[in-house]
Ligand code: FEO
Ligand code: CA
Ligand code: CA
């Protein structure tokens, strides 16, 4: 999701009013330096040696594509892209899926049997080790209700609320390749839709907590639905982690939200989804604990369509973006996570127990026991992970944290209390498959540098509308152990056109330019893939004009060399990335093609911005998963 969506722009403006400084130990003189010239920025990047980090540079063996403002998906000439799974397409369940109606007139019951809207994070799970046959789990982040219903949000009704909920959640589809083309298998025993009203269970320290109990669920253990599923992760034991991001927008709050509600961005009228008008649980005045049941990472076993998805409370309650797993040197699981809102934090969870062989069956409660940490990016490239553990670091009952469950329900407040570092909208996190070095996108923060919201070493640019990518190596001496509580960090790139008019918008990318990095993933060879989400309200305008439509690039983490691999159709965001294990095929999502500046389409003019992928005769633009391959059948990116 972009930073816009009308009211959402305000809602996302940053609700962290804690007094946390942005960098510990930066003196006034250094602060002055970071107010910020391009030269200072250039000095910052590369100023921290990380020691022996990565192997020497890799060639980026494809023809780079130019920026584009057109309405087409473009890949290098030696590649081709196939549209695989669009909003409204058949999921492949045994029950079948009704045909998609291009005028948006499918019912809510039909939508629940079709692909959801606004594809985002995803992961590929091979079946029996076959790289050409597997399951694709795909997030459906949110809905554009101007496109979802035939007459948009006119004549608002309970059925429209149900349809919007049905278009949220996750798809699990079974896909197979023949002669270079992929298709969704019909009648699959795996295929399922998980929606905004699918029953799920709660596990971990907040299960059954008083703050999770509602009239409909007095035990505080069962929740209906997962919402705003943005980034995603794949665990070493074969499950899918889906992240609840801007869940606050679905709730209408009391006229005067309390401090804890404000800390999570709950507000009187929500973000305009209007669910509370027909589904009472989204009315916070009536059901004040219902918002506590969202903002979690949800674990799904894609191989078991009967599994009840599980909200893993040990991983904290934030606007989750990123759930990227790594292993500690002694075999425990680590999950890296960002909280995507201005001035929020970066987290990691370290499991208590080791990952056991035997897949999900042997690791069913692994994510319920462990330690949640929040990151502090100190000066001169040092960093620390601070545990969010009840009874430690001031997280005590007299400070408002009665127990570990309350620490987790109020993760943001706990992170405030321990002095975490405020970041510029943390999006995806990627772990280098060979070195363990961690990379994170900070997509943008136009409010950085305002009074009380000063720049610091980790967030060095005021009016940071272009965003940046930060990297760190775990361990005080760069040991690389993901369990470490210290790390060494530096920047990978500051995004933006180096020729931009204002110095603070100028980037230092070594190669093709981009803005607002968001999706981020390594392939198995250690190439870094970067996806962008410049808001449609500013795309192709002003300082973004030379950057064009959203895109995907490939970078070599050793040399920094960056080359543009793909440009998306008009009004879209590029997000979600998965590979087949042989890397002959890459899956990428095109989210919200045709999005308008207000982020809500006019149903009378659905093609005002884009008609991708179905063309002018196709009705409405549709988010879709595409498959990209080299025409010669070779490995993607090499
Ligand atoms: Fe859904 Fe933070 O992007
Ligand atoms: Ca984004
Ligand atoms: Ca994102």
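In my numbering, the protein residues as written are 80 to 717. Built from N, CA and C at the ideal position, the CB exists for glycine as well.
For residue i and residue j, I'd like the C-alpha separation in whole angstroms.
{"i": "residue 515", "j": "residue 604", "result": "13 Å"}
{"i": "residue 96", "j": "residue 502", "result": "13 Å"}
{"i": "residue 455", "j": "residue 554", "result": "14 Å"}
{"i": "residue 180", "j": "residue 686", "result": "15 Å"}
{"i": "residue 407", "j": "residue 385", "result": "31 Å"}
{"i": "residue 426", "j": "residue 521", "result": "14 Å"}
{"i": "residue 148", "j": "residue 492", "result": "42 Å"}
{"i": "residue 263", "j": "residue 293", "result": "39 Å"}
{"i": "residue 622", "j": "residue 528", "result": "18 Å"}
{"i": "residue 284", "j": "residue 483", "result": "6 Å"}
{"i": "residue 277", "j": "residue 218", "result": "14 Å"}
{"i": "residue 378", "j": "residue 345", "result": "25 Å"}
{"i": "residue 611", "j": "residue 434", "result": "33 Å"}
{"i": "residue 361", "j": "residue 465", "result": "33 Å"}
{"i": "residue 372", "j": "residue 363", "result": "12 Å"}
{"i": "residue 543", "j": "residue 613", "result": "12 Å"}
{"i": "residue 540", "j": "residue 596", "result": "15 Å"}
Is residue i near ligand 2, going by C-beta to nearest heavy atom under 7 Å?
{"i": "residue 21", "result": "Not covered by the structure: residue 21. The range shown for the chain is 80 to 717."}
{"i": "residue 522", "result": "yes"}
{"i": "residue 597", "result": "yes"}
For ligand 3, I want to know if residue i counts as a neighbour, meaning its beta carbon is within less than 7 Å of at least one of the ligand's heavy atoms.
{"i": "residue 400", "result": "yes"}
{"i": "residue 393", "result": "no"}
{"i": "residue 651", "result": "no"}
{"i": "residue 612", "result": "yes"}
{"i": "residue 633", "result": "no"}
{"i": "residue 654", "result": "yes"}
{"i": "residue 310", "result": "yes"}
Between which residues of its own chain and residue i is the CB-CB distance below 6 Å, once the five residues before and five after are set aside?
{"i": "residue 639", "result": "589"}
{"i": "residue 140", "result": "717"}
{"i": "residue 358", "result": "240"}
{"i": "residue 172", "result": "270"}
{"i": "residue 245", "result": "187, 190, 191 and 274"}
{"i": "residue 566", "result": "462, 551 and 553"}
Between residue i and residue j, which are expected to be in contact by the criterion C-beta below 8 Å, what is the C-beta distance as a whole number of angstroms?
{"i": "residue 331", "j": "residue 423", "result": "Contact flag wrong, Cβ pair sits at about 23 Å."}
{"i": "residue 251", "j": "residue 214", "result": "6 Å"}
{"i": "residue 609", "j": "residue 634", "result": "6 Å"}
{"i": "residue 280", "j": "residue 305", "result": "About 12 Å; that fails the 8 Å criterion."}
{"i": "residue 548", "j": "residue 563", "result": "With 8 Å as the limit, residue 548 and residue 563 do not qualify as a contact, their Cβ atoms being about 21 Å apart."}
{"i": "residue 290", "j": "residue 154", "result": "About 48 Å separates the two Cβ atoms, so there is no contact after all."}
{"i": "residue 586", "j": "residue 545", "result": "6 Å"}
Applying the criterion that 16 or more other CB atoms from any shown protein chain within 10 Å of the CB defines a buried residue, is residue i buried or exposed?
{"i": "residue 490", "result": "buried"}
{"i": "residue 689", "result": "buried"}
{"i": "residue 712", "result": "exposed"}
{"i": "residue 387", "result": "exposed"}
{"i": "residue 620", "result": "exposed"}
{"i": "residue 41", "result": "Given that the chain is displayed from residue 80 to residue 717, the structure contains no residue 41 and the question cannot be resolved."}
{"i": "residue 673", "result": "buried"}
{"i": "residue 230", "result": "exposed"}
{"i": "residue 642", "result": "buried"}
{"i": "residue 106", "result": "Summary for residue 106: the model assigns pLDDT 32, below 50, so the residue's position carries little reliability, and this model does not support an answer."}
{"i": "residue 43", "result": "The question about residue 43 has no answer here: the residues shown for the chain are numbered 80 through 717."}
{"i": "residue 381", "result": "buried"}
{"i": "residue 286", "result": "buried"}
{"i": "residue 236", "result": "exposed"}
{"i": "residue 335", "result": "exposed"}
{"i": "residue 636", "result": "buried"}
{"i": "residue 600", "result": "buried"}
{"i": "residue 670", "result": "buried"}
Quick one: does the C-beta of residue i sit closer than 7 Å to a heavy atom of ligand 1?
{"i": "residue 324", "result": "yes"}
{"i": "residue 96", "result": "no"}
{"i": "residue 220", "result": "yes"}
{"i": "residue 358", "result": "no"}
{"i": "residue 418", "result": "no"}
{"i": "residue 661", "result": "no"}
{"i": "residue 576", "result": "no"}
{"i": "residue 199", "result": "yes"}
Spatial neighbours of residue i within its chain, please: CB distance less than 8 Å, with the 5 preceding and 5 following residues excluded, ordered by chain position.
{"i": "residue 663", "result": "210, 708, 709, 712, 713, 714 and 715"}
{"i": "residue 695", "result": "686"}
{"i": "residue 400", "result": "309, 310, 322, 324, 416, 417, 418, 419, 505, 506 and 507"}
{"i": "residue 649", "result": "148, 149, 150, 628, 672, 673, 688, 689 and 691"}
Near residue i, which residues of its chain fall below 7 Å by C-beta distance, leaving aside the five closest residues on each side in sequence?
{"i": "residue 170", "result": "176, 192, 193, 194, 250, 252, 270 and 272"}
{"i": "residue 342", "result": "94, 491 and 492"}
{"i": "residue 494", "result": "424, 453 and 467"}
Taking only beta-carbon positions, decide if residue i is within less than 8 Å of chain D.
{"i": "residue 705", "result": "In the structure shown, chain D cannot be found, because there is only a single protein chain."}
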